[in-house]
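Everything on this sheet refers to the single structure shown next.
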Amino acid sequence: MTRQIPVTVIGGYLGAGKTTLLNRLLAEAQNVKLAVLVNDFGSVNIDAALISSRDGETINLANGCVCCSIGDNLGLALHDLAERPDGPDRILIEASGVADPAKISHYAESHPRLALDSIVVVADAETVRARADDKYVGDLVRLQLAAADAIVLSRTDIVDAETCRAVRTWIETEIPGARLAASHDLDHGQMFVTRTFESELPLDGAALRAALAALPADVVRAKGIVRLIEAPDRHSVLQFAGRRWSLEPDTAEVGPLERNRSVIVCIGLAGSIDLARLDACFAGVLPSALPAALIDELHQGALRS
Amino acid sequence: MPGPITVFSAKKIITMDASVEEATHVAVRDGIILEVGNLDDCGAWGPYTLDNRFADSILIPGLIESHAHLLDGLLWAKAHYVGPIDRYDPAGTLQKGLTNNAALVNRLREIESRMTDPTKPLVGWGVDPSLNDPIAPITRLELDQVSKTRPIFLLHASCHVASVNSATLDVANYAAIKAPGVLRDASGAPTGELREMAAMLVAVRAVAADMIGGSTDAAQFYNFARVAQARGATTIVDGGGSTYFDPAFLSAALAATAAEDFPARIVAHNNGITVPGADDMIRFAKALEGKGNDKLAFQGIKIILDGSNQGFTGRLRPPGYLGSGENGLWNRAPDELRTLVPALHNAGLQIVAHCNADQAAEMFIEAVALAQAAKPRFDHRHFIVHGQLLDESLLRRMVSLGIHATLFSNHLYYWGEFHRAHTFGAFRTAALNPAATALRLGVVVSAHSDTPVSPVDPLLTLWCAANRVSATGRVFGPRERVSAYDALKMMTFNAAYLLHRDHEIGSIRVGKRADFTILARDPLAVDSMAIRDIPVHGTIVGGRVFAAG
Ligand SMILES: [Zn+2]
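In the order they appear, the protein sequences are chains A and B.
Start counting the first sequence at 1; every next residue gets the next number (full-length UniProt numbering).
Start counting the second sequence at 1; every next residue gets the next number (full-length UniProt numbering).
Next comes the structure, spelled out in structure tokens:
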């Protein structure tokens, strides 16, 4: 199967700062072809110098990124991107200000070539608390925050530090376990940083599960293909998104010496993730020596094949 | 040079005019009413041809469907109707509802056996398991009994769900689709039920691409008008989602409706639904002003504030939906509405606002109040579509701001029991679609079908407003029943008023257009419960006769 394109949904109420974030990501992307689906070209404000061409529903940027108008059908616009021969590396969907981002994220799983990466919800540090108490939109604002794998606080540069702290505390109380970042922390438009852990040796499943349960709140997403000591004849697939994770054996059997390597990739919010803490988390997972019984088993298996 | 005069005779002509109530003859010249009275009165205009075809019938002003969607015509053109509700098709034939899966499978087999190309998908619409007896899902197991090889796609009445067979699941590669709306059985295999567009999309694209819209197929316009005409409508509103601002779509619409035998007038709202910003909305609406023809006109701009009540997406005031206390979804942000509504109002447009539940209506009223404070306008006739949960205080604010409404009276019949049990509970269901209170307070109200949501049938809608009876026979909110006269006025003059056309249509009066509906019996004389069963003999549009059957 061809590689799936990861899709990130950017949600948040009207005026929260979604387009500002998208504009920055588009302008500053390097070595990654982003495709951004927006509701209204009028609101994106791409520097004319960066635009290489424009045709109808698409603006092409010199850095290889594209910005497409959703028009009246998000699904069609998204499938059109998925089926382009020269598709993007990553798709970002700007959800409408009144959308439930969780519902929009279903579109990220509506095509064989797409895979949901994460839901990021932007909240305006200055107004989000008032919005959350508004009789017309309070429930919606809370629903959007609750759907987030990561919450990006915008306009933190214009509110004072005390307000900023108070908003963070409020969100952490309202949405227990929320992963928070301030947009001005995001370096060079890199919203996410990745950290890769690799091992040539099978991993201890119990230790890995314990590590997953204790991952720092700034890890938005983690994925991995690993070999576990408890199931050495097959790969196990690790998925971690928001506050949910799974570690399940793959159905296909693999040869004992074939593709031994375990790889886990963690994605965190730039500027907020504590890499040292993350490393510490995985330190107990990566084995220093193989149990003798397993070495035997591998040898026997290797002889059999 | 004026054309010849035709005098139509009738057993009784109900004029719905404020001053003159009844007549027996109406003289028509060049599509316009010349005289209303007896034969001698009509003769005062000189020689005429007497048309006695309807001498034993009742002539009323042409019925007006004040809110419907062109999609209905597209569905008739592209798919087979297989739903549980009785519907008349564009041929004027009653398609009896299929109210259980066995009947559905039989009907689909019949359709399938007549299809010649074995690869052509079988596409149906209108199914609704919630109205079936027994209530049972429609899965691939049922549909595979029709065909295992021909793709089958059934769009549900809600338009939010589809049922497909195994062939469609294969063609569209559902094995690789993880969207949560793809329902699965215990073994993880898709059941064939697809909930919401994200789950339906690959199937739609693979086997039912015609449903995606933007089609310029001429048949959709004809079917849309014809289905309504066969049930007595002479004017039908296309309620806002169509893309008349697209030159190709506009020329298809103009060409289709210009045909002399086009059976009804279409009044289309400008699109404020899929056009994102106020500037484009206003530009497109202004560009379409006066662009129509005798049977196609553009009026008002449609915006949508919330979702649907039966889909739990209408925006409610507290305490929210029955039991859960949850609320629905906004279609546009309230903060946007506070600038969009004044912008459209300032541009001189008439705003037609879809507000299903009461918080959406409250929001619209608040936005119009802002607009009126900034720039007072008289006689703008902004109106609310659906307004199902309007109450006296909202209606009084509407009166003070000049906002009117077309109510979704059909809901009580089709979904009254559902609302009582699942969405609103007893009190709010009894208070739904308060036509009597609205009329008493001076709100000009009409009622509508919202086809394809419920069947376009103005007499049925009139009957619903007058009787407020559910399909199960329960009367909801008897105080909100209106007299047959008021109900008829809702479906004629009031609807014309909402469309800024009461000087042209909506009553039988000298100088107005000769648009009439011909009924077998007098709707004001029969028992009000019998109104929906009055046979429609046909319609007259601009003096031209269109038979019903
Ligand atoms: Zn509608």
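Glycine residues also receive a C-beta, built at the ideal position from the N, C-alpha and C atoms.
Please tell me whether B:N271 has its Cβ less than 7 angstroms away from any Cβ of chain A.
no
At least 3 beta-carbon pairs within less than 8 angstroms: the segment 344-353 of chain B vs the segment 297-310 of chain B:
yes
Residues bridged to A:P249 [DSSP beta-bridge criterion]
A:S236
Does DSSP put A:R168 in a helix, a strand or coil?
helix
According to DSSP, is B:T247 part of a helix, a strand, or is it coil?
Reading the sequence as shown, one finds Pro at residue 247 of chain B and not Thr. The answer is helix: DSSP assigns B:P247 an H, G or I state.
Unbroken alpha helix (DSSP H) run spanning A:G75, endpoints
74-82
N-terminal and C-terminal residue of the beta strand (DSSP E) that B:C464 is part of:
Note, B:C464: premise wrong, no beta strand (DSSP E); alpha helix (DSSP H) at 458-467.
Can you tell me which residues fall inside 5 angstroms of ligand 2, judged by beta-carbon distance to its nearest heavy atom, and keep chain order?
Among the ligands in the structure shown, ligand 2 does not appear; only ligand 1 can be found there.
Of the listed residues B:T216, B:L439, B:P458, nearest to B:H67 (C-alpha basis)
B:P458
Establish whether the CB of A:L238 and some CB of chain B are separated by less than 7 angstroms.
no
Would a C-beta distance cut-off of 7 angstroms place B:V207 and B:P121 closer than the cut-off?
yes
Nearest to B:A547 (by Cα), restricted to the options B:F262, B:I85, B:I212:
B:F262
Output needed in chain order: residues of the segment 359-375 of chain B with a Cβ under 8 angstroms from some Cβ in chain A.
Q359, M363
So, with DSSP's three-state summary, where would you put B:I282?
helix
Contact list for B:M197 against chain A, beta-carbon separation under 7 angstroms:
G75
Closer than 7 angstroms to chain B by CB, A:G87:
no
Using a Cβ cut-off of 7 angstroms (strictly closer), state whether B:N327 contacts chain A.
yes
Under a CB-based cut-off of 7 angstroms, is residue 584 of chain B close to chain A?
Outside the displayed range of chain B (1 to 549) lies residue 584 of chain B, so it cannot be described from this structure.
If you pair each beta-carbon of the segment 531-538 of chain B with each one of the segment 459-468 of chain B, do three or more pairs fall below 8 angstroms?
yes
List the residues of chain B whose Cβ lies closer than 7 angstroms to the Cβ of A:P112, in chain order.
N173, A176, I177
So with Cβ pairs under 7 angstroms, would you call A:L34 a contact of chain B?
no
Examine the Cβ distances between the segment 224-240 of chain B and the segment 445-457 of chain B and report whether three or more of them are shorter than 8 angstroms.
yes
Tell me which residue opens and which closes the beta strand (DSSP E) that A:S199 is part of.
192-199
Can you look up B:G214 in the DSSP assignment and give me helix, strand or coil?
coil
Between A:Q4 and chain B, is there a C-beta pair that is closer than 7 angstroms?
no
By how many angstroms is the C-alpha of B:N223 removed from the C-alpha of A:A249?
Note that residue 249 of chain A corresponds to Pro in the displayed sequence, not to Ala. Each residue's alpha carbon lies about 55 angstroms from the other.
Own chain, CB closer than 6 angstroms to B:A495, minus 5 neighbours either side, in chain order
I64, S66, S446
Which residue marks the beginning of the beta strand (DSSP E) containing B:W76, and which one marks its end?
It is not in any beta strand (DSSP E) - B:W76 instead sits in the alpha helix (DSSP H) that spans 71-78.
Taking the runs of the beta strand (DSSP E) that are 3 residues or longer, which of them lie wholly in the segment 125-159 of chain A?
150-154
Would you mind working out which of B:L390, B:R315, B:A287 sits nearest B:F245, comparing C-alpha positions?
B:A287
Based on Cα-Cα distance, which residue from B:V510, B:V444, B:R521 lies nearest to B:A487?
B:V444
Just to make sure I have the definition right: I need the residues of chain B whose C-beta is within less than 7 angstroms of the C-beta of A:D72. Which are they?
T274
Would a C-beta distance cut-off of 7 angstroms place A:D149 and A:S105 closer than the cut-off?
no
Chain-order list of residues whose beta-carbon lies under 7 angstroms from that of A:D296 (same chain, five-residue window excluded):
Unreliable placement is indicated for A:D296, whose pLDDT of 41 sits below 50; the coordinate value is still reported in the next sentence. Contacts found: none.
Return the Cβ separation of A:R209 and A:I267 in integer angstroms, given the expectation that the two are a contact with Cβ distance under 8 angstroms.
About 19 angstroms; that fails the 8 angstroms criterion.
Comparing the C-beta of A:A248 with each C-beta of chain B, is any distance below 7 angstroms?
First, the residue type needs correcting, since residue 248 of chain A is Glu and not Ala in the sequence shown. No, its Cβ sits nowhere closer than 7 angstroms to a Cβ of chain B.
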